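Visitor:
Number of protein chains: 2
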Amino acid sequence: MRPLFHPAVEDLKPEAILYALSDPERVAIFAQIAGVGSSGTCTALANLGSRVIPKSSLSQHMKVLREAGLIRGERHGVEMRNHSRCQEVDQRFPGLIQAILSAYGRPPGDANAG
Amino acid sequence: MRPLFHPAVEDLKPEAILYALSDPERVAIFAQIAGVGSSGTCTALANLGSRVIPKSSLSQHMKVLREAGLIRGERHGVEMRNHSRCQEVDQRFPGLIQAILSAYGRPPGDANAG
DNA sequence: ATCAACAGTTCCGAATTTCTGAACTACGGA
DNA sequence: TCCGTAGTTCAGAAATTCGGAACTGTTGAT
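Protein chains in written order, with full-length UniProt numbering: chain A, 1 to 114; chain B, 1 to 114.
(1) Going by alpha carbons, who is nearest to E79 of chain A out of A:Q91, A:T41, A:R66, A:I53?
(2) Listing by chain order, which chain A residues have their CB less than 7 Å from the CB of S22 of chain B?
(3) Straight-line CA distance for G95 of chain B to R2 of chain A?
(4) Just verifying my parser: in three-state terms, what is the DSSP assignment at G105 of chain B?
(5) Whole angstroms is fine: what's the gap from K13 of chain A's alpha carbon to H76 of chain B's?
(6) Whose C-beta lies closer than 6 Å to the C-beta of A113 of chain A among residues of the same chain, with five residues either side of it excluded?
(7) Compare the C-beta of I71 of chain A with all C-beta atoms of chain B and state if any pair is closer than 8 Å.
(8) Could you have a look at H61 of chain B and say whether DSSP puts it in helix, strand or coil?
(9) Using the Cα positions of A28 of chain B and E67 of chain B, report the straight-line distance between them to the nearest angstrom.
(10) For I71 of chain B versus H83 of chain B, is the C-beta distance shorter than 8 Å?
(11) For a test of the three-state rule: what should DSSP assign to G73 of chain B, helix, strand or coil?
(12) Going along the stretch 83-108 of chain B in order, which residues come within less than 9 Å of chain A, judged by CB to CB distance?
(13) Which residues does DSSP pair with R81 of chain A in a beta bridge?
(14) Hey, could you find the ends of the alpha helix (DSSP H) E10 of chain A is sitting in?
(15) Hey, out of B:N47, B:F30, B:S50, whose CA is closest to R85 of chain B's CA?
(16) With DSSP as the reference, identify every bridge partner of G40 of chain A, one or two as the case may be.
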């Protein structure tokens, strides 16, 4: 398995962020990670909505969110812990995440607290 | 040609808006329309960036923007005049358009006055 | 050390979407 | 009517997405 790629703050691309959050399933995943604050494992995220997301699809979703710079994933033993990079994204693109989550009717949560 | 479809304000979907604006080419088109205020015809919009957009592709882009509710197109004689629906979108999703255009480094323009 | 279970990734074929040249529709003017 | 212009629709190629199966890497038990 190749190591996970995470873009630096200065390399964040608005198009990648918008694309990542143009899928309601990914928004649900991201909102959960941003809301809880951390430790969102893939298996815990697989059934947030009305269906169980197949794990290969979930892995792809996580990759899209990660490579857009929205989340950071760290391996802890056998599992992956994901936490949001809201603070960094907000530093680069002020208000963007909040406006998007609000549009989706997601409570702001700690979206601006990191 | 079938009549153009424009969603009502209450039918605007954040995923459609984010998807539409996850393509830099479409963002350039939308920013131009929102900035100028109106009367953006397709031929005038075809060469905003580094390449000339083929007219079939441009037509598709316009359709995506229109069906996301970001612009309104009206046929005037032989040409189509497009103007932004920023005001309506902003009413439904406050701050969203502005945050997105800012992230892309586009001046706000009359994005909130449109 | 070996084995089994678990969490997540990668592979790959099927389904869907996007792209764009060519054909087409619609309107206005001569 | 015939022509030119503005834009849409069609259709095939190219690219992307989806998801089951196989795989990798880690932990814990024997």
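Backbone N, C-alpha and C define an ideal beta-carbon position, used for all residues, glycine too.
Predicted, not measured: the structure shown is a model, and the values here were computed from it.
Guide: With the given structure in hand:
(1) A:T41
(2) E15, L18, Y19, S22
(3) 39 Å
(4) coil
(5) 37 Å
(6) At A113 of chain A the pLDDT is 40, less than 50, meaning the model places this residue with poor confidence and gives no usable figure here.
(7) no
(8) helix
(9) 17 Å
(10) yes
(11) strand
(12) R92, F93, P94, G95, L96, I97, Q98, A99, I100, S102, A103, Y104, G105
(13) A:E74
(14) Counting along the chain, E10 of chain A falls outside any alpha helix (DSSP H), and DSSP gives it neither H nor E.
(15) B:F30
(16) A:N82
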